[in-house]
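Asker: One structure, pasted below without further comment.
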RNA sequence: CGGGACGUAGCUCAGUUUGGCAGAGCACAGCGUUCGGGACGCUGGGGUCGCAGGUUCAAAUCCUGUCGUCCCGACCA
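What follows is the structure, encoded as structure tokens:
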């Protein structure tokens with residue numbers, strides 16, 4: 147591609163809307179432009195990077211025996227009503243009516259459509275297993291779009307669905323996708339980890355997320371330093387051993403704690419450690435108040451809590467509700483005398499003579515014990531901490547931030563039951579198809595790759611997803627020798643590589659800056675060394691500079707290309 | 001939806017406090033000089049100051065409303 151004719155509007159300055167590196171660089175490198183909040187246009191360079199990732203995905207999915215198809219983005223309400231998600235999915239599902247006033251939505255995911263397709267066509271166990279996938283634009287009306295392609299409302303996703311005759315087959319399909327995802331993200335040159343995850347609204351029995359390690363990641367992942375356990379913090383079980391309290395219980399006492407409502411304030415005021423305090427947090431589970439008790443230094447894991455309560459919506463109760471339910475301002479709630487279900491974290495079983503709110507503004511109780519109130523249920527409802535042991539081997543845990551680029555679910559029969567997707571087994575008996583679903587955020591993968599591969603000068607594309615492999619840079623196109631050699635090299639190199647040929651009449655500095663910014667892995671510079679018949683190769687990633695003769699150029703490039711492959 | 005910030009040229013931003021000619025740098029067009037790390041000089045084009053209403057002799061500036069964008073919290077690839 148000749149740069150002089152390429153639609154590649156790079157920017158010297160960062161548009162004020164961008165906050166994180168990948169977003170800034172994708173805007174500056176002319177890859178994307180925003181149309182509306184969370185809705186982006188992909189410019190040629192950005193689309194080319196996306197296509198690279200898509201092609202890797204395609205190759206690996208096809209290798210795994212999956213078949214590509216393409217499903218409609220506009221979907222009738224009936225299917226969603228049938229699965230129950232028309233009501234359940236919430237505002238994220240963008241709904242509208244057609245001219246006949248029929249309800250439709252934009253597809254945020256395609257379990258309904260694919261299951262409908264398969265139930266119509268699959269009759270026999272002989273038709274199974276089946277794995278179908280597509281790479282397509284999805285729309286989710288996110289509450290808060292963020293960080294460019296990292297969380298858009300419109301985004302490109304690869305979604306795959308497996309259909310098996312039984313649980314065993316479904317598990318095999320699941321683990322095959324697990325392997326496939328490893329291959330895909332490895333080939334994309336990413337530093338990632340597969341972690342155990344919660345299944346969320348998609349439902350199903352178990353699931354893994356593929357996380358690209360990056361500090362700006364919105365998820366926290368927990369690793370064991372001693373075994374291969376890795377999980378999303380939302381999912382990680384707490385398996386600390388709880389020994390009964392050593393102290394003998396004292397009797398509770400009301401104390402005046404004026405204006406002290408946070409854990410820090412109360413513990414500092416009373417001179418006790420946060421481990422001696424019990425936080426009482428009032429939630430609304432599908433609109434009904436529930437009190438949740440955790441130790442002062444622990445945090446509620448709302449995913450676990452929601453799962454335990456089996457509710458659709460879980461939110462912190464607003465201050466008005468807290469006032470009417472506890473009779474006190476926010477910050478003074480306690481379990482004693484509370485008229486609602488009380489869920490307590492297991493850690494409370496090891497506590498004695500602790501501090502709680504008194505349900506009276508500006509007062510707390512000290513020396514409270516479990517006998518002073520009744521707990522509806524004890525359960526593991528807190529976030530794991532670095533002090534907790536690994537739930538699998540008891541080893542030491544490490545925490546890191548990650549960007550979720552892929553998620554695989556073993557769905558089971560949730561959708562096949564709802565939509566009556568059945569087949570006849572070898573005995574002629576009707577059975578539900580067992581499903582799995584598997585997603586990859588394609589644009590997010592590109593953004594995550596940039597997040598992980600950049601420096602102060604710009605993007606450093608991993609070779610396999612670089613939009614071009616070679617940036618051919620004649621320093622001065624008005625120098626006849628340089629111009630002629632550049633033209634010849636462009637034609638020659640294009641036979642083996644994708645070449646971005648900077649034939650612009652710009653000063654060298656401008657070209658160098660743009661080359662670094664857009665992050666093409668190999669730069670070939672024609673300039674002052676051409677008099678001796680030499681050209682300069684610069685590797686973007688390492689900064690390594692190699693002077694080579696024109697005759698040896700292609701061999702040298704071959705070698706560098708091999709070195710730049712991941713693993 | 002709650003909290004915070006912002007909206008002036010294609011981009012980055014001054015100007016708003018204290019109402020009085022619409023600004024700078026970059027980018028763009030032309031000419032000249034320059035040419036291996038975002039050059040310099042001269043000239044030029046480019047604006048519904050987000051939008052609507054109000055106050056005023058006079059509004060980018062003050063008031064009311066509204067729309068949009070971004071950030072922090074509840075959702076997800």
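In this note's numbering, the protein residues as written are 147 to 713. Backbone N, C-alpha and C fix where the C-beta goes; we use that ideal spot for every residue, glycine too.
Which of the three DSSP states, helix, strand or coil, is assigned to residue 495?
Answerer: helix
Asker: Since residue 435 is in the beta strand (DSSP E), which residue starts that stretch and which ends it?
Answerer: 434-441
Asker: Residue 472 lies in the beta strand (DSSP E); which residues open and close that run?
Answerer: Not the beta strand (DSSP E): residue 472 falls in the alpha helix (DSSP H), residues 465-472.
Asker: Considering only residues of the same chain and omitting the five flanking positions on each side of residue 196, which have a CB-CB separation below 8 Å?
Answerer: 188, 302, 588, 589 and 592
Asker: Would you mind sorting residue 714 into buried or exposed? The rule is 16 or more other CB atoms within 10 Å of its CB.
Answerer: Outside the shown range of the chain, which is 147 to 713, sits residue 714, and nothing can be said about it.
Asker: Under 7 Å Cβ to Cβ from residue 288, same chain only, skipping five residues before and after it: list those, please.
Answerer: 184, 238, 297 and 299
Asker: Alpha carbon to alpha carbon, how far is residue 504 from residue 519?
Answerer: Distance between the alpha carbons of residue 504 and residue 519: 12 Å.
Asker: Would you kindly check if the distance between the Cβ of residue 365 and the Cβ of residue 548 is under 8 Å?
Answerer: yes
Asker: Distance check for residue 176 and residue 614, CA to CA, integer angstroms please.
Answerer: A straight-line Cα-Cα distance of about 14 Å links residue 614 and residue 176.
Asker: If you draw a straight line from the alpha carbon of residue 684 to that of residue 699, how long is it in whole angstroms?
Answerer: Computed Cα separation, rounded: 12 Å.
Asker: I need the straight-line Cα distance from residue 572 to residue 271, nearest angstrom please.
Answerer: 7 Å
Asker: Pick out the complete beta strand (DSSP E) segments inside the segment 320-360, 3 residues or longer, and give them in chain order.
Answerer: 338-342 and 352-359
Asker: Tell me whether residue 265 sits in a helix, a strand or coil according to DSSP, three-state version.
Answerer: helix
Asker: Just curious, the alpha helix (DSSP H) that residue 391 is in, first and last residue?
Answerer: Segment: none, residue 391 is in no alpha helix (DSSP H) and carries neither H nor E.
Asker: For the segment 230-278, list the alpha helix (DSSP H) runs that are entirely contained and at least 4 residues long, ordered along the chain.
Answerer: DSSP assignment within the segment 230-278 yields the following whole alpha helix (DSSP H) runs of 4 residues or more, N-terminal first: 231-234 and 257-267.
Asker: In this structure, how does DSSP classify residue 400 when only helix, strand and coil are distinguished?
Answerer: In the three-state reduction of the DSSP assignment, residue 400 falls in the strand class, which pools E and B.
Asker: Following the continuous beta strand (DSSP E) through residue 673, name the residue where it begins and the one where it ends.
Answerer: First-last for residue 673: undefined, no H or E at that position.
Asker: From the DSSP secondary-structure annotation, give me the bridge partner or partners of residue 282.
Answerer: 303
Asker: Give a yes or no on whether the C-beta atoms belonging to residue 451 and residue 527 are separated by under 8 Å.
Answerer: yes
Asker: Please report how far the alpha carbon of residue 436 lies from the alpha carbon of residue 532, in whole angstroms.
Answerer: 28 Å
Asker: Quick check: the segment 510-525 against the segment 392-404, are there 3 or more CB pairs under 8 Å?
Answerer: Note that the segment 510-525 touches the segment 392-404; at least 3 beta-carbon pairs, one per stretch, sit closer than 8 Å.
Asker: I'd like the list of long-range same chain contacts for residue 443, defined as Cβ closer than 6 Å, with 5 residues on each side in sequence excluded.
Answerer: 420 and 421
Asker: Is the CB-CB distance between residue 661 and residue 649 below 8 Å?
Answerer: If you check the CB distance, residue 661 and residue 649 do not come in under 8 Å.
Asker: Does DSSP classify residue 372 as helix, strand or coil?
Answerer: coil
Asker: So residue 511 and residue 411 are supposed to be a Cβ contact under 8 Å. How far apart are they, rounded?
Answerer: Not a contact, Cβ separation roughly 16 Å.
Asker: Among the residues of its own chain, which have a CB less than 8 Å from the CB of residue 565, if the five just before and after it don't count?
Answerer: 225, 228, 229, 258, 261, 262 and 265
Asker: In the DSSP assignment, what are the bridge partners of residue 429?
Answerer: 436 and 462
Asker: Secondary structure at residue 182, three-state DSSP: helix, strand or coil?
Answerer: Look at residue 182 here: in three-state DSSP terms it is strand.
Asker: Once the 5 residues before and after residue 534 are set aside, which same chain residues still bring their CB inside 6 Å of it?
Answerer: 384 and 386
Asker: Compare the beta carbon distance of residue 305 and residue 279 with 8 Å and say whether it is the shorter of the two.
Answerer: yes
Asker: Restricting to Cα atoms, I'd like to know which of 713, 251 and 218 is closest to residue 233.
Answerer: 251
Asker: Residue 458: which of 371, 622 and 449 sits nearest, CA to CA?
Answerer: 449
Asker: Could you give the distance in angstroms between the alpha-carbon of residue 656 and the alpha-carbon of residue 156?
Answerer: 11 Å
Asker: Hey, could you find the ends of the beta strand (DSSP E) residue 618 is sitting in?
Answerer: 616-620
Asker: By the 10 Å Cβ neighbour count, where 16 or more other Cβ atoms means buried, how is residue 254 classified, buried or exposed?
Answerer: buried
Asker: Residues in the same chain with beta-carbon distance under 6 Å from residue 617, minus the five sequence neighbours each way, listed in chain order, please.
Answerer: 646, 661, 666 and 669
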